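The structure appears right after this line, and notes come after that.
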Amino acid sequence: MAQNSAAKPETSVAARAGSATALNEEGTAGKTTIASSVVQKVAGIAAREVSGVYAIGGGVSRAFGAIRERIPGSGTVTTSGVSVEVGEKQAAVDLDLVVEYGARIVDVARAVRRNVISTVEQITGLEVIEVNIAVNDIHVPEDDEAGDTSTTTRVE
Numbered sequence: 728m729a730q731n732s733a734a735k736p737e738t739s740v741a742a743r744a745g746s747a748t749a750l751n752e753e754g755t756a757g758k759t760t761i762a763s764s765v766v767q768k769v770a771g772i773a774a775r776e777v778s779g780v781y782a783i784g785g786g787v788s789r790a791f792g793a794i795r796e797r798i799p800g801s802g803t804v805t806t807s808g809v810s811v812e813v814g815e816k817q818a819a820v821d822l823d824l825v826v827e828y829g830a831r832i833v834d835v836a837r838a839v840r841r842n843v844i845s846t847v848e849q850i851t852g853l854e855v856i857e858v859n860i861a862v863n864d865i866h867v868p869e870d871d872e873a874g875d876t877s878t879t880t881r882v883e
């Protein structure tokens, strides 16, 4: 490995200054890798921060997440509904969202995309090349108020 780095021409400080935020710069003393689970958590937290987002995940992942949250010691589920692809310098994020009724979906998606990109790039140093958002459901507040109607029957 020493032979390989000696054969490369030395990059000037001025040339490297433009890429100071690069994760794995040439000429550094080591390599930094970021696990996909880290990017998943960061993206999930950033998406939840946006007003109008009720939950993250589709029906099945939200159901499993609700079960996992009830298990003592399992912690909170921040990666449910978030999938990522992480390379050495770039990341792509896919999100499944449930939006609050009344919120403009286009605006919520735009705000989520902007917040996820800026937060992931700021925290990890990775360039986010895309954030794909799938809105799978809309949360209606009346659904919460109705509660469990399975014990009430319409007919006797």
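As numbered in the numbering used here, the sequence shown has no gaps in its residue numbers, which increase by one up to the final residue, 883. All C-beta atoms in this analysis are idealised placements derived from N, C-alpha and C, irrespective of residue type, glycine included. Remember, it's a predicted structure, so these values are computed and weren't measured experimentally.
Between which two residues does the alpha helix (DSSP H) containing residue i stretch?
i	result
Ala774	Ser763 to Arg775
What are the boundary residues of the beta strand (DSSP E) that includes residue i?
i	result
Val780	Val780 to Ile783
So, using beta-carbon positions, are residue i and residue j closer together than 8 Å?
i	j	result
Val858	Arg840	yes
Val843	Ile761	no
Ala818	Val882	no
Ile696	Leu824	Here the chain comprises residues numbered 728 to 883, so residue 696 is not present and cannot be evaluated.
Gly779	Glu827	yes
Val855	Val847	yes
Leu822	Ile865	no
Val811	Ser763	yes
Taking its Cβ as the centre, do 16 or more other Cβ atoms sit within 10 Å of residue i, making it buried, or is it exposed?
i	result
Val867	exposed
Thr806	buried
Ala774	buried
Asn770	Just to set this straight, residue 770 is Ala in the shown sequence, not Asn. The residue in question, Ala770, is buried, as its Cβ has 16 or more Cβ neighbours within 10 Å.
Val835	buried
Gly808	buried
Val833	exposed
Thr748	Confidence at Thr748 is low in this model, with a pLDDT of 48, below 50, so its placement is unreliable and no value can be given for it.
> Hey, which unbroken runs of the beta strand (DSSP E) at 3 residues or more fall wholly within the region 799 to 872?
Replying inline: 809 to 813, 817 to 827 and 854 to 866
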